[in-house]
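Engineer: Residue 611 is where the sequence shown ends in the UniProt record's numbering, and the numbering goes up by one at each step.
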Amino acid sequence: MSGRIPQSFIDDLLDRLDIVEVIDRRVGLKKSGRNFTACCPFHEEKTPSFSVNQEKQFYYCFGCGAGGNAIGFIMDYERMDFPRAIEVLADTAGLEVPREASAFQEQPQQKKNIYTILEKAAVYYQQQLKEHPQKQRAVDYLKARGLSGEIARDFDMGYAPPGWDNLLNHLGQSDEDRQLLIDGGMLIEKEEENKLYDRFRDRIIFPIRDNRGRVIAFGGRVLGDDKPKYLNSPETPVFHKSKELYGLYQSRKANRQLQRLLVVEGYMDVVALAQHGINWSAATLGTATSTDHLNRVFRQCPEVIFCFDGDEAGRKAAVRALDSALPAMEDGRRARFLFLPQGEDPDSMVRAIGASNFIRLVEKAEPLEEYLFNAQADGLDLGSLDGRARMSTLAAPLIDKLPGGVFKELMMSSLADRTGLSLEKLSEILQRHKRNKQATEPQPASPQLPDRAPLNTPASPKRRDKGLVKSETMRDPILYAIALLLHDPKAASHVTIPATLLQSDDGNAPLLIAMLELLHKRPDSTSAMLIGHWYGESWGETLQQLLHAEQFIPSTDIELELIDTLQHLDRRHQHQDLGHQLDKILSKDYASLSDEEKLQLKQLLQQKHGL
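Laid out in structure tokens, this is it:
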């Protein structure tokens, strides 16, 4: 969507997030005094110099100088631009990114209206499960599947009664409402007969919610013999099935810190697992697991477990899931593969063996690296030269789909160990594979995120000259005042801007003035908000360079320190102004000065001595 992201939303987003949680999902942090530390993800080091300040919501590396707020970290770590980083963090916080209106911007009102009418439809279906004369068929079916009324309420399950126009008559009272039901995928339009009818009829209803908990679509399980057995909403302005997972919202709601997610194939699997206390699963919506799915999931938790039937169809689905997972496997992310006995699904399995035994199966699931190598080695004799050669040609292109990072390097090293080939030879195999693929199957460019850049490349965060910044900060009162404000924005609350500062030609004075003006208008601003306000600009770079100065900032009375510094600045500028005026007069011969100029000289000298 086009349009600028409002600064007020960025500030609100930063206020809702905890930078420690954001970074800890990607880089393991350890508590160290008031801060959290880790080895820096932006340069190679053995002793941790990467520090995260939870109180002030920013990070800084004393080794390479990388620093910033949560947005800056996501931009540098995930190799994203600013708008995309905002979207990632907003998704984590369950927020929708607004855009300021432009002539070409899609009006959001239609989507809001669709959300509203879909919520009304969900309530209607829930009422029918309680009140409709034929509700007992639906209730009996749910009881036969071992589901309680409490679980049905937790997932807002409902019932679409038999008939062609129940929902139409209930919600489609106006032309506008009928159009919204059509746009939301709830009504089917037969143009040749000029008729409308309900999409969902005589089905158990599963509302599908997005990360914010809004109803965006529905799934329906037939009670009779109609086909298909399961029916999903079509693609709509608010629903894109290749990006959504049923149950992800409920899993996040049930687990404040979601550590793993079990990806299954059906609505009933998710609900049945929750019935048994396994409230950390989600299901794809009639599509194969996509990289978009996984990137969304990995923003919520660090580990995904794919669950498949052990038959041939399940094995093929696992291969597709592996192919989708590889581009999403950034360092710190984990994926595993669980194969159930043939003919079993999570619903039947958990009912048969119980929750504790099912969880044991999950914990024994095959890690992605083992599954990848075992799947490629299936049917090969790795004791033979031919078997190892075929293994290398099959596995190397798959590993190459991984984003750049430590995990990818370890996977290539493991393949080298398994095949006896050197890393250089594997690289040659990859290059040959790419040339053959381009020659025989030219592919159109696809909009994928770039791999993470190698360490210490131009794409990595800029290294700062810490010694230079340190010395400048300590001897430059303007930089020192900026550092004080950065580390304690509330210190500006009772501070006025010296008039002499407004006339200063110091290169950093405009930033100090802008910070004071901003903090007077928005006194609740945080350190992270200040960095975010000027991110991507030269002033933002200056603020990031000053993050290291925390060790030089007094722990108490920062406001008094700021006042003293500004008074010092005021006196310095007055000295400079007097000096300019004195130089102007003293450039003349004293004997040639007029009486007025001599009086002015006397007054200037008195002022200078009084300062």
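Backbone N, C-alpha and C define an ideal beta-carbon position, used for all residues, glycine too.
Buried or exposed: which applies to Arg388, given that a residue is buried once 16 or more other Cβ atoms fall within 10 Å of its Cβ?
Structural biologist: It counts as buried.
Engineer: Put Lys195 into one of helix, strand or coil per three-state DSSP.
Structural biologist: Strand.
Engineer: Classify Pro454 as buried or exposed, calling it buried when 16 or more other Cβ atoms lie within 10 Å of its own Cβ.
Structural biologist: Because Pro454 carries a pLDDT of 31, less than 50, the predicted location of this residue cannot be relied on, and the following value inherits that uncertainty. Exposed is the call here.
Engineer: Taking only three categories from DSSP, how would you classify Phe42?
Structural biologist: In the structure shown, Phe42 sits in coil (DSSP, three-state: anything other than H, G, I, E or B).
Engineer: How is the alpha helix (DSSP H) around Gly532 delimited, first residue to last?
Structural biologist: Run containing Gly532: Ser527 to His533, per the alpha helix (DSSP H) assignment.
Engineer: Could you work out which residue in Arg299, Pro161, Gln7 and Glu21 is closest to Gln128 when comparing CA atoms only?
Structural biologist: Looking at the Cα atoms, Pro161 is the closest of the given residues.
Engineer: Out of Pro403, Leu426, Ser422 and Asp198, which one is the CA nearest neighbour of Leu394?
Structural biologist: With distances taken between Cα atoms, Leu394 lies closest to Leu426.
Engineer: Going by DSSP in three states, Thr287 sits in which element: helix, strand or coil?
Structural biologist: Of the three classes helix, strand and coil, the one that applies to Thr287 here is coil, per DSSP.
Engineer: How about Arg351 and Gly149: are their beta carbons less than 8 Å apart?
Structural biologist: Taking 8 Å as the Cβ cut-off, Arg351 and Gly149 do not qualify as a contacting pair.
Engineer: Using C-beta distances below 7 Å, list every residue in its chain close to Met411, excluding the 5 sequence neighbours before and after it, in chain order.
Structural biologist: Taken in chain order, the residues that qualify are Glu369, Ile399 and Leu402.
Engineer: Which residues mark the beginning and the end of the alpha helix (DSSP H) in which Asp269 is found?
Structural biologist: From DSSP, the alpha helix (DSSP H) with Asp269 extends over Tyr267 to Gln275.
Engineer: Once DSSP output is grouped into helix, strand and coil, what is the label at Ala282?
Structural biologist: Ala282: strand per DSSP, three-state reduction.
Engineer: Assign His293 to one of two classes, buried (16 or more other C-beta atoms within 10 Å of its C-beta) or exposed (fewer than that).
Structural biologist: Classification for His293: buried.
Engineer: Helix, strand or coil: how does DSSP classify Lys598 here?
Structural biologist: Of the three classes helix, strand and coil, the one that applies to Lys598 here is helix, per DSSP.
Engineer: By Cβ distance, which residues of its chain are closer than 6 Å to His276, with the 5 residues on each side in sequence left out?
Structural biologist: Hits under 6 Å: Val350 and Ala355.
Engineer: With distances taken Cα to Cα, identify the nearest neighbour of Glu312 among Phe339, Gln603 and Arg390.
Structural biologist: Per the Cα distances, Phe339.
Engineer: Which two residues bound the contiguous alpha helix (DSSP H) that contains Ile114?
Structural biologist: Note, Ile114: alpha helix (DSSP H), Gln109 to Glu131.
Engineer: Apply the 10 Å Cβ neighbour rule to Gln603 and answer buried if 16 or more other Cβ atoms are within range, or exposed otherwise.
Structural biologist: It is exposed - the Cβ of Gln603 has fewer than 16 other Cβ atoms within 10 Å.
Engineer: If you count every other CB in all the chains shown that lies within 10 Å of the CB of Gly266, and 16 or more means buried, which is it?
Structural biologist: Buried, by the Cβ-count rule.
Engineer: From Glu78 to Met329, what does the alpha carbon distance come to, in whole angstroms?
Structural biologist: Going by the C-alpha atoms only, they are around 12 Å apart.
Engineer: Out of curiosity, what's the CA-to-CA distance linking Ser32 and Leu530?
Structural biologist: Their Cα atoms are separated by approximately 25 Å.
Engineer: Which of the three DSSP states, helix, strand or coil, is assigned to Thr92?
Structural biologist: Looking at Thr92 - three-state DSSP - the assignment turns out to be helix.
Engineer: Does the beta-carbon distance from Arg296 to Asp91 come in below 8 Å?
Structural biologist: Result yes, Cβ atoms of Arg296 and Asp91 sit closer than 8 Å.
Engineer: Going along the chain, which residues of its own chain have a beta-carbon closer than 6 Å to the beta-carbon of Asp11, five neighbours each way excluded?
Structural biologist: The answer, listed in chain order, is Met529.
Engineer: In the DSSP assignment, the alpha helix (DSSP H) including Asp183 goes from what residue to what residue?
Structural biologist: Where Asp183 is concerned, the enclosing alpha helix (DSSP H) stretches over Asp175 to Asp183.
Engineer: For Ile486, I'd like the list of residues in its chain whose CB is within less than 7 Å of its CB, leaving aside the five on either flank, ordered along the chain.
Structural biologist: For the sequence presented, residue 486 should be read as Leu rather than Ile. Excluding positions up to five away in sequence, the list reads Ser527, Leu530, Leu543 and Leu546.
Engineer: Keeping to the same chain, check which residues put their C-beta closer than 7 Å to that of Pro489; ignore five residues upstream and five downstream.
Structural biologist: The answer, listed in chain order, is Leu519, Ser525, Thr526, Ser527 and Leu530.
Engineer: Under DSSP, the beta strand (DSSP E) around Ala335 begins and ends at which residues?
Structural biologist: From DSSP, the beta strand (DSSP E) with Ala335 extends over Arg334 to Leu340.
Engineer: Quick check on Ile5: does DSSP put it in helix, strand or coil?
Structural biologist: Coil.
Engineer: May I ask you to report which of helix, strand or coil DSSP gives Phe200?
Structural biologist: It is coil, neither helix nor strand.
Engineer: Which word fits Lys130, buried or exposed, when buried means at least 16 other C-beta atoms lie within 10 angstroms of its C-beta?
Structural biologist: Exposed, by the Cβ-count rule.
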